[in-house]
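So the structure is just underneath, and the comments pick up after that.
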Amino acid sequence: MNKRIVFLVICLLVFSTSCAQAAAEGTTCFNMFDEQGQLVYQTGWKVGVGDQFLTADNKRYEVMSITGTTVQAKYLETMNLAEAFPGHASIWAWLQPSIVHAAQGGKVAIYHTHSDESYVPTDGKDSIYGAGGVYKVGDAFAQALQADGMEVIHSDARHDPHDDMAYERSRRTVIDLLKQQPDAVFDVHRDSAPPEVYKATIDGQDVSKVQLVVGKYGPTGKQIEDYALQLKSVADNQHPGLVKGIFFAKGGDYNQDLHPRSMLVEVGSQANDRPSAEHGIALFADVLPTVLGKSGANGVSGASGMGTATTGMSGSMKSMGILIGLLVMGVVAFLFISTGSLKEAGGKLKQFTTTEFTNLFASKSDRDKDKNKENKNGE
Numbered sequence: 412m413n414k415r416i417v418f419l420v421i422c423l424l425v426f427s428t429s430c431a432q433a434a435a436e437g438t439t440c441f442n443m444f445d446e447q448g449q450l451v452y453q454t455g456w457k458v459g460v461g462d463q464f465l466t467a468d469n470k471r472y473e474v475m476s477i478t479g480t481t482v483q484a485k486y487l488e489t490m491n492l493a494e495a496f497p498g499h500a501s502i503w504a505w506l507q508p509s510i511v512h513a514a515q516g517g518k519v520a521i522y523h524t525h526s527d528e529s530y531v532p533t534d535g536k537d538s539i540y541g542a543g544g545v546y547k548v549g550d551a552f553a554q555a556l557q558a559d560g561m562e563v564i565h566s567d568a569r570h571d572p573h574d575d576m577a578y579e580r581s582r583r584t585v586i587d588l589l590k591q592q593p594d595a596v597f598d599v600h601r602d603s604a605p606p607e608v609y610k611a612t613i614d615g616q617d618v619s620k621v622q623l624v625v626g627k628y629g630p631t632g633k634q635i636e637d638y639a640l641q642l643k644s645v646a647d648n649q650h651p652g653l654v655k656g657i658f659f660a661k662g663g664d665y666n667q668d669l670h671p672r673s674m675l676v677e678v679g680s681q682a683n684d685r686p687s688a689e690h691g692i693a694l695f696a697d698v699l700p701t702v703l704g705k706s707g708a709n710g711v712s713g714a715s716g717m718g719t720a721t722t723g724m725s726g727s728m729k730s731m732g733i734l735i736g737l738l739v740m741g742v743v744a745f746l747f748i749s750t751g752s753l754k755e756a757g758g759k760l761k762q763f764t765t766t767e768f769t770n771l772f773a774s775k776s777d778r779d780k781d782k783n784k785e786n787k788n789g790e
């Protein structure tokens with residue numbers, strides 16, 4: 412028998428117990444294996460051929476085949492998420508949010524398409540019609556964002572039952588939220604998977620990780636994908652290990668066509684306790700001010716002023732430094748062009764800094780003394 416097949420059978424046996432736990436709660440757990448038979452990802456999200464996913468360590472895979480809950484995936488690449496951060500390609504795109512938005516707070520809208528989703532250890536069952544524990548996770552998200560100086564609109568609209576039409580019902584909610592012109596919109600869910608898939612200790616506290624879901628269907632798919640990569644890039648820097656991964660659903664849109672910064676975020680699974688999910692989403696809130704280019708009450712990245720020891724220089728200070736640097740480069744280039752050589756340009760620059768620059772800040776009495784000295788020398 413092929414060694415790869417034997418290894419795959421062993422892996423299936425090892426993980427069948429944990430998935431049975433998820434199945435007992437009325438949920439499904441999909442296990443994604445790479446070409447070597449290694450388990451690389453788990454989620455309760457409905458998986459289709461052609462879907463892709465990004466792991467916690469930023470390895471991207473594509474789903475090739477599905478047998479029951481076993482998924483065969485092909486490795487595509489290891490991504491450098493630094494390239495996904497806003498402004499990477501253009502210095503002016505980076506300066507714009509730092510300067511224009513440095514003194515502004517952001518506005519975030521939160522809603523729940525699957526308003527029944529709950530956490531078994533805390534809520535007693537995985538589904539509570541119209542009053543799921545996921546609402547309280549949304550409350551924790553809102554409170555953390557407000558603590559960061561952001562305005563929050565948290566909708567308590569219900570979209571039951573938990574069926575294929577739930578996103579059509581929640582679409583009306585999103586349209587209503589957009590009337591208040593939010594900078595970002597989040598549909599907060601919980602996943603279905605064994606507890607260890609989402610369980611983590613981050614910054615000294617027990618938390619449930621988060622998973623981002625991107626609908627690749629429709630004209631905004633690429634834009635939402637870039638936004639998700641930006642969110643994970645900042646999260647990896649601020650709270651490593653918080654984002655479990657990103658699931659790219661080829662055939663879905665999840666109302667993400669309505670806003671360029673719309674994201675579906677899953678916080679833990681039905682097998683995790685709700686307090687850990689609340690802690691996880693509160694950490695995720697720290698990511699938003701940086702990605703949105705908005706200031707926060709606690710001096711987060713992008714705030715105006717000098718910055719802090721924790722966050723470093725603020726966006727406005729960095730922008731000022733870059734502008735000064737560009738000015739100096741422009742002066743040097745002008746001197747080189749006008750003199751024709753680096754040596755003469757250096758002499759001109761030295762003369763400017765030692766004579767003209769000094770005279771600029773000299774007192775009137777000092778300038779008068781220098782003028783009298785020049786007159787005497789002339790006589």
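Count along the sequence shown starting at 1, add 411, and that's the number in this note's numbering. Quick reminder that beta carbons are idealized off the backbone N, C-alpha and C, glycines included.
Sequence-distant residues of its chain with Cβ nearer than 8 Å to residue i (five each side left out)
{"i": "D445", "result": "V451, Y472, A484, K485, Y486"}
{"i": "S427", "result": "Low confidence applies to S427: its pLDDT is 40, below 50, so where it sits in the model is not reliable, and the reading given next is rough at best. Closer than 8 Å at the Cβ level, and outside the excluded window around S427, lies no residue."}
{"i": "Q634", "result": "P671"}
{"i": "I421", "result": "Reliability fails at I421, whose pLDDT of 43 lies under 50, so the model's placement of it is uncertain and no value is given."}
{"i": "L669", "result": "R582, V585, I586, L589, V596"}
{"i": "Q592", "result": "K518"}
{"i": "D574", "result": "none"}
{"i": "I564", "result": "K518, V519, A520, I521, L588, Q591, P593"}
{"i": "T612", "result": "V618"}
{"i": "D637", "result": "A495"}
Chain-order list of residues whose beta-carbon lies under 6 Å from that of residue i (same chain, five-residue window excluded)
{"i": "E488", "result": "R471"}
{"i": "L640", "result": "L492, A495"}
{"i": "D697", "result": "Q649"}
{"i": "D468", "result": "none"}
{"i": "S476", "result": "Q483"}
{"i": "L694", "result": "H650, L653"}
{"i": "G679", "result": "R601, Y609, S619, A688"}
{"i": "F418", "result": "Note on F418: pLDDT 47, under 50, position unreliable in the model; no value is reported."}
{"i": "T524", "result": "H570, A577, Y578, S581, D598"}
{"i": "H389", "result": "The chain is shown only over 412 to 790; residue 389 falls outside these bounds and no answer can be derived."}
{"i": "G543", "result": "S526, D527, E528, S529"}
Cβ-Cβ separation, residue j to residue i (assumed contact under 8 Å), whole Å
{"i": "L675", "j": "V618", "result": "Actually they do not touch by this definition, with Cβ atoms about 19 Å apart."}
{"i": "G455", "j": "V474", "result": "With 8 Å as the limit, G455 and V474 do not qualify as a contact, their Cβ atoms being about 15 Å apart."}
{"i": "L465", "j": "L699", "result": "Going by Cβ atoms, the distance from L465 to L699 rounds to 20 Å, so no, they are not a contact pair."}
{"i": "D462", "j": "F659", "result": "6 Å"}
{"i": "D684", "j": "P532", "result": "4 Å"}
{"i": "Q453", "j": "N442", "result": "6 Å"}
{"i": "C440", "j": "T480", "result": "6 Å"}
{"i": "I692", "j": "V645", "result": "Contact flag wrong, Cβ pair sits at about 15 Å."}
{"i": "K705", "j": "M561", "result": "7 Å"}
Extent of the continuous beta strand (DSSP E) run through residue i
{"i": "K814", "result": "Past the edges of the chain, shown from 412 to 790, lies residue 814, and the structure says nothing about it."}
{"i": "N648", "result": "Note, N648: premise wrong, no beta strand (DSSP E); alpha helix (DSSP H) at 632-649."}
{"i": "I613", "result": "610-613"}
{"i": "K590", "result": "Here K590 belongs to no beta strand (DSSP E), and DSSP marks it neither H nor E."}
{"i": "G656", "result": "654-660"}
{"i": "S673", "result": "673-680"}
{"i": "G392", "result": "Look at the range of the chain in this structure, 412 to 790, and you will see that residue 392 is not part of it."}
{"i": "A484", "result": "481-489"}
{"i": "N469", "result": "Run containing N469: none; DSSP gives neither H nor E here."}
{"i": "D617", "result": "616-619"}
{"i": "Q458", "result": "According to the sequence displayed, residue 458 carries Val and not Gln. No beta strand (DSSP E) contains V458, which DSSP labels as neither H nor E."}
{"i": "E562", "result": "562-565"}
{"i": "L450", "result": "450-454"}
{"i": "M443", "result": "441-444"}
Nonlocal neighbours in the same chain, by C-beta distance under 7 Å from residue i, ignoring five residues either side
{"i": "K536", "result": "S529"}
{"i": "K643", "result": "L492, L623, V654, I657"}
{"i": "D664", "result": "G626, Y628, G629"}
{"i": "Y522", "result": "S566, A568, S581, T584, V585, L588, D598"}
{"i": "G541", "result": "S526, D527, R569, D571"}
{"i": "Q667", "result": "G626, T631, I635, S673"}
{"i": "A553", "result": "I521, V563, H565"}
{"i": "L703", "result": "G517, D594, A595"}
{"i": "V425", "result": "At V425 the pLDDT is 39, less than 50, meaning the model places this residue with poor confidence and gives no usable figure here."}
{"i": "I539", "result": "D527, S529"}
{"i": "E677", "result": "H600, R601, D602, V621, Q622, V624"}
{"i": "A435", "result": "Only weak support exists for where A435 lies, its pLDDT of 33 falling under 50; the coordinates are left without a value."}
Opening and closing residue of the alpha helix (DSSP H) in which residue i lies
{"i": "A595", "result": "Here A595 belongs to no alpha helix (DSSP H); instead the beta strand (DSSP E) covers 595-602."}
{"i": "K547", "result": "545-558"}
{"i": "T533", "result": "531-534"}
Contact test: residue i Cβ vs the ligand ADP heavy atom, cutoff 8 Å
{"i": "D637", "result": "No copy of the ligand ADP occurs in the structure displayed, which carries no ligand at all."}
Contact between the segment 602-615 and the segment 538-554 is defined here as three or more beta-carbon pairs at a separation below 8 Å; is this criterion met? no
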